[in-house]
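What follows is a set of notes on a single structure, which appears directly below.
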Amino acid sequence: MKKLVLMLMMFAPLATFAQQKFGHLNVQEVVQSLPEFIKAQGEVESQAKIYDSELKQMADELQRKSDEYQKAASTMPEAIKKETETELQTLYQKYQQAQQDDAAAMQKLQQEKLAPIQTKLQNAIKNVGDRGKYVYIMDIGAGIPYVSTTLSTDVTAEVKAEIAKLK
Numbered sequence: 003m004k005k006l007v008l009m010l011m012m013f014a015p016l017a018t019f020a021q022q023k024f025g026h027l028n029v030q031e032v033v034q035s036l037p038e039f040i041k042a043q044g045e046v047e048s049q050a051k052i053y054d055s056e057l058k059q060m061a062d063e064l065q066r067k068s069d070e071y072q073k074a075a076s077t078m079p080e081a082i083k084k085e086t087e088t089e090l091q092t093l094y095q096k097y098q099q100a101q102q103d104d105a106a107a108m109q110k111l112q113q114e115k116l117a118p119i120q121t122k123l124q125n126a127i128k129n130v131g132d133r134g135k136y137v138y139i140m141d142i143g144a145g146i147p148y149v150s151t152t153l154s155t156d157v158t159a160e161v162k163a164e165i166a167k168l169k
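Numbering of the sequence shown is given in this note's numbering, commencing with residue 3 and proceeding in unit increments.
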């Protein structure tokens, strides 16, 4: 009798585990279907083009001045040569600083634009998980090597519907 009770106690967690519900979704598919994501992505890309244009202008100016210096360096007096080299170095440093500033600004802009979308997505997944009593909802687009679609429910459509309710 003790063995039977012990055996039942050992297999009880397995029976409980078998009753648990698991879900999966493709977060990228959900996010890319959101109008606010498309709008935010457009704004980020637009700003990136502006920054790229400004950096290209700076690079072109630096290249032009460098070419002029290379052509005239052999005939320049030493004082003007040093002054021109200092000017070129300053322009190059400004260019590098602009690259760093633009990269930081782009990262900040992306975070500002995408944070509300990420929060809305997390809330929708949580609501679907709570309502459906899921133990775990995993993102199949995150590189998980294998998700059994027979043991896990695809909740992508439910999350999309939940996000629409959260607007």
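All C-beta atoms in this analysis are idealised placements derived from N, C-alpha and C, irrespective of residue type, glycine included.
Whole-angstrom distance between residue j and residue i, CA atom to CA atom
| i | j | result |
| --- | --- | --- |
| residue 42 | residue 153 | 36 Å |
| residue 59 | residue 124 | 41 Å |
| residue 29 | residue 62 | 41 Å |
| residue 80 | residue 87 | 10 Å |
| residue 52 | residue 105 | 12 Å |
| residue 18 | residue 34 | Note that residue 18 scores 48 on pLDDT, short of 50, meaning its location in the model is unreliable and no value can be drawn from it. |
| residue 3 | residue 132 | Any answer about residue 3 is weak, because its pLDDT of 49 lies below 50 and its placement is not dependable; what the coordinates show is given next. If I take the Cα positions, the gap works out to 40 Å. |
| residue 117 | residue 25 | 24 Å |
| residue 9 | residue 22 | Since pLDDT at residue 9 reaches only 48, below the 50 mark, its modelled position is unreliable, and no value is offered. |
| residue 171 | residue 78 | Since the first and last residues shown for the chain are 3 and 169, residue 171 lies out of range. |
| residue 48 | residue 112 | 12 Å |
| residue 2 | residue 121 | Outside the displayed range of the chain (3 to 169) lies residue 2, so it cannot be described from this structure. |
| residue 166 | residue 126 | 9 Å |
| residue 130 | residue 40 | 23 Å |
| residue 94 | residue 64 | 7 Å |
| residue 83 | residue 107 | 36 Å |
| residue 146 | residue 69 | 52 Å |
For residue i, the first and last residue of its enclosing alpha helix (DSSP H)
| i | result |
| --- | --- |
| residue 60 | 37–74 |
| residue 108 | 80–134 |
| residue 77 | It is not in any alpha helix (DSSP H) - residue 77 carries neither H nor E in the DSSP assignment. |
| residue 168 | 158–168 |
Which residues DSSP lists as bridging residue i, in chain order
| i | result |
| --- | --- |
| residue 148 | BP columns for residue 148 are empty, so no partner. |
| residue 142 | In DSSP, residue 142 forms no bridge with anything. |
Start-to-end residues for the beta strand (DSSP E) that takes in residue i
| i | result |
| --- | --- |
| residue 27 | 23–27 |
Closer than 8 Å to chain B by CB, residue i
| i | result |
| --- | --- |
| residue 139 | Here chain B cannot be found, since the structure has a single protein chain. |
### Query
Counting pairs of beta carbons, one from the region 135–142 and one from the region 90–105, are three or more of them closer than 8 Å?
Not touching, per the Cβ criterion.
### Task
Count the CB pairs spanning the region 150–169 and the region 42–57 that are closer than 8 Å, and state whether there are at least three.
Too few Cβ pairs lie closer than 8 Å, so no.
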